[in-house]
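Using the numbering used here, read the sequence shown as starting at 1 and increasing by one per residue.
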Amino acid sequence: MILFALLASVLGSHGSVPPTLFTLALPLYFDQQPLVLHQTYTDRQGVELRFTRMQFYLSQPSLWVGNTLFWQAPEAFHFLRLEEGQNTLSCSFELPKWPAASPEFRFAIGVDSLHNHGGSQTGALDPLNGMFWTWTQGYIFVRIEGYYAHPKGAKGGFVYHIGGDECYRRGRIGLENWEWIHKRHVKATLAIDLARFFGHYAEAPLVLAFPADNQAISVMGGTKAPLLADNFLRAFETGPAR
1 MILFALLASV
11 LGSHGSVPPT
21 LFTLALPLYF
31 DQQPLVLHQT
41 YTDRQGVELR
51 FTRMQFYLSQ
61 PSLWVGNTLF
71 WQAPEAFHFL
81 RLEEGQNTLS
91 CSFELPKWPA
101 ASPEFRFAIG
111 VDSLHNHGGS
121 QTGALDPLNG
131 MFWTWTQGYI
141 FVRIEGYYAH
151 PKGAKGGFVY
161 HIGGDECYRR
171 GRIGLENWEW
181 IHKRHVKATL
191 AIDLARFFGH
201 YAEAPLVLAF
211 PADNQAISVM
221 GGTKAPLLAD
231 NFLRAFETGP
241 AR
């Protein structure tokens, strides 16, 4: 009877082990400074930047132990948007359990080709999220907007809408920075440094520059978009999936 009672308390009322909640926290930075909308940050050329919008699609999240798939999220697409006064994005998942060894987190940025060309959809891919291009029938994968102030006095806006099949990126990173919040809740932290999106790292394929003549800057597809997709993936400090 004692053994039965112990098993019942562990397995719960439905005869199964309660799931483990996995929360992925994504704090945002600009050159290691916490990033908040409408605050001013200075890039390495002395240009002041103020962000008004930052949102993207985190797709196909999964956990791997070695070369073995441990868990795959049932929902493929997660729309993440930085809100006013917020510094950290987050998403939560239910897992049967947390692996004994620190896992590798694998993910994609954007929307795969099948769904990208599937027209307007629901849930995370709802056009009401402001990430659907009606003129190309596809999705924006990364949307970053704001204003710049050049040290020579010029000012303007910047709009970076990164999308298209050629901008879909896969990444992987070991989750070493995780902790138990309580018995069945694990929190892992994966920082994003947006300075890398602007090319602030060694061997960046594209370093963004700002004009000194009050011009607005806009990248909405085109040849620069795949390079900025590479930069955004590096903001997670991880390389392409093997």
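Beta carbons are placed, not taken as given, at the ideal position from N, Cα and C, and that holds for glycine.
Alpha carbon of residue i to alpha carbon of residue j, nearest angstrom
i, j, result
"I176", "L26", "Before going further, note that residue 176 is Glu rather than Ile in the sequence given. So the two alpha carbons sit approximately 14 Å from each other."
"Q33", "H117", "37 Å"
"Y57", "N214", "31 Å"
"P19", "L190", "22 Å"
"I144", "M220", "11 Å"
"P211", "F198", "14 Å"
"A209", "F105", "32 Å"
"T223", "Y139", "17 Å"
"Q45", "K97", "47 Å"
"G130", "H185", "32 Å"
"Y148", "A154", "8 Å"
"P99", "L194", "30 Å"
"Q137", "R170", "22 Å"
"G85", "H115", "32 Å"
Beta-bridge pairing of residue i - partner residues as DSSP gives them
i, result
"H185", "L21, H182"
"F77", "S59"
"V219", "Y160"
"C91", "L24"
"G174", "E104"
"T40", "R50"
"R169", "I109"
"L245", "Any question about residue 245 goes unanswered here, given that the chain covers just 1 to 242."
"Y249", "Residue 249 is absent from the model: the chain starts at 1 and stops at 242."
7 Å CB neighbourhood of residue i in its chain, flanking five on each side removed
i, result
"S120", "P127, F132"
"H38", "R50, T52"
"C167", "G110, F141, A225, P226, A229"
"N87", "P27, L28, P34, L35, V36"
"W135", "none"
"W71", "S62, L63, L95"
Option in the options with minimal Cα separation from residue i
i, options, result
"L227", "N129, F236, V207", "V207"
"F236", "E166, Y201, Q45", "Y201"
"E94", "F22, F232, T223", "F22"
"I192", "T122, S92, L82, P103", "L82"
"P151", "F30, D31, T42", "T42"
"E203", "K97, P96, R234", "R234"
"G313", "Y148, S92, F232", "This structure leaves residue 313 out entirely; the chain is present only between 1 and 242."
"L80", "W71, A73, S90", "S90"
"T173", "W64, S59, A73", "Looking at the sequence itself, residue 173 is Ile, so the reference to Thr does not match. Taking only the C-alpha atoms, the option nearest I173 is W64."
"L125", "E75, G153, W71, A101", "E75"
"P103", "L69, N129, S92", "L69"
"N67", "S59, A101, K183", "A101"
"T122", "Y148, H78, K155", "H78"
"S92", "G153, K183, K155, P61", "P61"
Neighbourhood of residue i by C-beta, 8 Å cutoff - its chain only, sequence neighbours within 5 removed
i, result
"G146", "L49, R50, F51, T52, R53, G157, F158"
"W178", "S102, V186, K187, A188, T189"
Spatial neighbours of residue i in its chain, beta-carbon cut-off 6 Å, leaving aside the 5 residues before and after
i, result
"I217", "F158"
"I181", "K187"
"T40", "E48, R50"
"S113", "D165"
"H161", "I140, R143, M220"
What are the start and end residues of each continuous beta strand (DSSP E) run of 3 or more residues lying completely inside the region 105-154, in chain order? If we require 3 residues or more, the beta strand (DSSP E) runs fully inside the region 105-154 come out as 138-149.
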